[in-house]
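Novice:
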Amino acid sequence: MEIVLGITGASGVQYGIRTLELLREKEITTRLIISETGLIEENLKFESWS
Numbered sequence: 018m019e020i021v022l023g024i025t026g027a028s029g030v031q032y033g034i035r036t037l038e039l040l041r042e043k044e045i046t047t048r049l050i051i052s053e054t055g056l057i058e059e060n061l062k063f064e065s066w067s
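Numbering (my numbering), first residue to last: 18 to 67.
(1) Within 10 Å of its beta-carbon, does V30 have 16 or more other beta-carbons around it, so buried, or fewer, so exposed?
(2) For the alpha helix (DSSP H) containing G33, list its first residue and its last residue.
(3) Identify the residues that DSSP records as bridge partners of G23: which are they?
(4) Rounded to a whole number of angstroms, what is the C-alpha to C-alpha distance between A27 and E19?
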């Protein structure tokens, strides 16, 4: 199974990141698509997700 998660703005970033964490715990392959706004407004620094 593979899930693609899209985040378009800052308001839902925390929910999206938590969703990715939970899916990773279940060893479900995920792909993240995030807008520049989502990254800038939350000032996110992603660690390696692989």
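Note that CB positions come from ideal geometry on N, CA and C, so glycine has one too. Everything numeric in this text was worked out from a predicted model, so none of it was measured.
Specialist: So, from the listed chains and residues:
(1) buried
(2) V30 to E42
(3) I50
(4) 24 Å
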